[in-house]
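Residue numbers (the UniProt record's numbering): 6 to 504.
Read through the structure below, which is laid out as C-alpha cells, and then see the notes.
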Ligand code: NAD
C-alpha cells in the first residue's frame, strides 16, 4: 500500500519573499501591517510565513496606481515591442531564480519539487515569452467596401483592438506562479495594466514575482500585487469602479458570485472554473498508454487540477483490465515529502480541503459506491489523502456529480457504446475530456459531440498556450491563451468613414 509518510526534515528553506506588496512601482507594507494570514506548508501542517491580509484601502491604492499607469502618456505611447521586452526581461529573471522559485512553490503548495521545477516554472517562463511575442502582433481588420451601403455612397472602415483597461487578476492555489503569469503576461502584452490577487493559501511565489517585476523595470503601476482573503481583497477588486475586467480562475461558486457582482457595471469577465472531466477508454485503446494516462489524469497534482480526469468511463471489454491497472497504480503511488525525489504524490492544499474530499468520498460510499483503492487519509502529519478509485457508482451519486479536487476517480463500465456521449456530457461542467483509442474515426466522431472546451486524444491535462483554454456550461465563460487571449484582453473598436 501507499508508503508511510516521511518526516519533513529534508525540506530546504528557500529565501522567503519580503512579504511586501508591489504597489505603484514600490515594495510597501499593507496599510495595516499587523493583519496577517498564515502560510502553511501542507506537507507538515506547519506555518512557514505570514502574508498581508489586505483591506479595501490597499486594493484601492493598487487599482488607482494601475489606473494612473494605464492613462499615462508613457504607457499609452510605449511601443508594443517594448511592452514585450518587459515580459522577456521578467522571463530571464524567473529563469535565473528558477530553483529558488520552484522550492518556494513546493513548500507553500505541497506540489512535488520535480514538477514545480520542470513543469510549473517552465510554463511560467514559456508563458512570459509566448505573450511577449503577442505584444507586437495586435491587428484589426480593414473592410474595403460594405455590401450594405447605398450605391451612391462609399464607406471605408477599419477595426482596432484597444486594451480593455485595468485588469483584476484573481488566481487559485493549484498552479500559483503559473496562474499569476497567465493573467499578468497577456494583460501587459495587450496593453492593459493589472492588479493581481493570488490565493490566500499560496501567495509566496506571487509576492516574490512582484520583487522580480520591480527588478525587470516595469513602469510604476503597470503590475500591482495585493494579497488577502477572497471575500475581502478579492471582493474589493471585483467591486472597484476603476477595474474594467476581471480575469478569474477558481471555483464555480466564486465565479458565479463574481458574475453576479458585475451585472450592473458590465465589467468584462473571463471565468476559468471547475470541471468534472471524463477520461474515456475505448475497447481498442492501447492499454499500456491508456492505464497510466488515465491514472496520471486524476492523480497528478493530487487531483487538484481543474481538468482532472475524475470520471473514468471504460468500455466493457476492457473494463476489468483497466480497473486492475488503475487500482494497482493507486495502491503503489508513494505519498510523501514534495522534496523527496521518490515521492509520487504530495498532500492536498489544506486540512479543510482534505475534509471536503473525505466528506464526498464517505457520502459516495454511503450512497452505495465501493472503494476499490484508497478511500481514506493515511496517518501522520500533513494533509495527505490516499489515491482513491471508486467503483459501483451511478450517475446520481455525489462523487460523480461534484468536483472533488482531490485524488479520487469514479469508474464506470459502459456496456453500450451508444451511451458514451450522453454519459460523458452528463455533468453540469464542460471543461475537458480525454478519449483513449486507436480508432481515429471513433476518436473524432466522439470529440465532435463532447460538450467541453478541450478534448484530448490519447493524452490528458496537456496545457498548450497556443490553444484556446476555457470551459462550457458551469466550467466558465470566455477563453484565454492563443489568439483568444487577444479578444479576452482587448475591446474591438470600429472606425467608419464616408468618402
Ligand atoms: P476559490 O474560488 O476558492 O478561490 C480562487 C480565488 O478567488 C482566490 O484568490 C480567492 O481568494 C478568490 N476569491 C474567493 N472568494 C472571492 C470573492 N467573493 N470575490 C473575489 N475573489 C474571491 O478557488 P480555489 O479553491 O482557490 O481553487 C480551486 C478551484 O479552481 C477549483 O474549482 C478548480 O477547478 C478551479 N480551477 C480552474 C481552472 C481553470 O482554468 N478552469 C484552473 C485551476 C483551478
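C-beta: ideal position from N, C-alpha, C; glycine also.
query: Where DSSP assigns a beta bridge to residue 229, which residues make up the other side?; result: 200
query: How big is the Cα-Cα spacing for residue 498 and residue 195?; result: 14 Å
query: Figure out for me which residue from 355, 61, 454 has the closest Cα to the Cα of residue 235.; result: 61
query: Is it the case that the CB of residue 217 approaches a heavy atom of the ligand NAD more closely than 7 Å?; result: no
query: Any heavy atom of the ligand NAD inside 7 Å of the beta-carbon of residue 278?; result: yes
query: What residue from 385, 183, 341, 301 has the CA that sits closest to residue 211's CA?; result: 183
query: For residue 126, does the count of other Cβ atoms within 10 angstroms reach 16, so buried, or fall short, so exposed?; result: buried
query: By Cβ distance, which residues of its chain are closer than 7 Å to residue 403, with the 5 residues on each side in sequence left out?; result: 365, 368, 369, 372
query: Is the beta carbon of residue 351 within less than 7 Å of some heavy atom of the ligand NAD?; result: no
query: Quick check on residue 396: does DSSP put it in helix, strand or coil?; result: strand
query: Is the distance from the Cβ of residue 411 to the Cβ of residue 308 below 8 Å?; result: yes
query: Could you name the residues of the same chain whose beta carbon sits closer than 8 Å to that of residue 131, not counting the 5 residues immediately before and after it, in chain order?; result: 470
query: Is residue 40 helix, strand or coil by DSSP?; result: coil
query: Please confirm whether residue 161 and residue 143 have their CB atoms less than 8 Å apart.; result: no
query: What residue range is occupied by the uninterrupted beta strand (DSSP E) comprising residue 252?; result: 250-254
query: Excluding the 5 residues preceding and the 5 following residue 440 in the sequence, name in chain order all residues of the same chain whose CB lies nearer than 6 Å to its CB.; result: 285, 448, 451, 462
query: At what residues does the beta strand (DSSP E) containing residue 501 begin and finish?; result: 495-503
query: Counting only runs of 3+ residues fully inside the stretch 339-411, write out the beta strand (DSSP E) ranges in chain order.; result: 375-378, 393-396
query: Roughly how many angstroms separate the alpha carbons of residue 12 and residue 105, rounded to a whole number?; result: Caution applies to residue 12, whose pLDDT of 41 falls short of 50 and renders its modelled position unreliable; the model cannot decide the point.
query: When the distance is taken between beta carbons, is residue 137 closer than 8 Å to residue 93?; result: yes
query: Using 8 Å as the cut-off, can you tell me whether the stretch 266-286 makes contact with the stretch 429-436, which would need three or more C-beta pairs spanning the two stretches below that distance?; result: yes
query: Could you tell me the boundaries of the beta strand (DSSP E) in which residue 314 lies?; result: 314-320
query: Which residue marks the beginning of the beta strand (DSSP E) containing residue 32, and which one marks its end?; result: 31-33
query: Determine the contact status of residue 335 and residue 378, defining contact as a CB-CB distance below 8 Å.; result: yes
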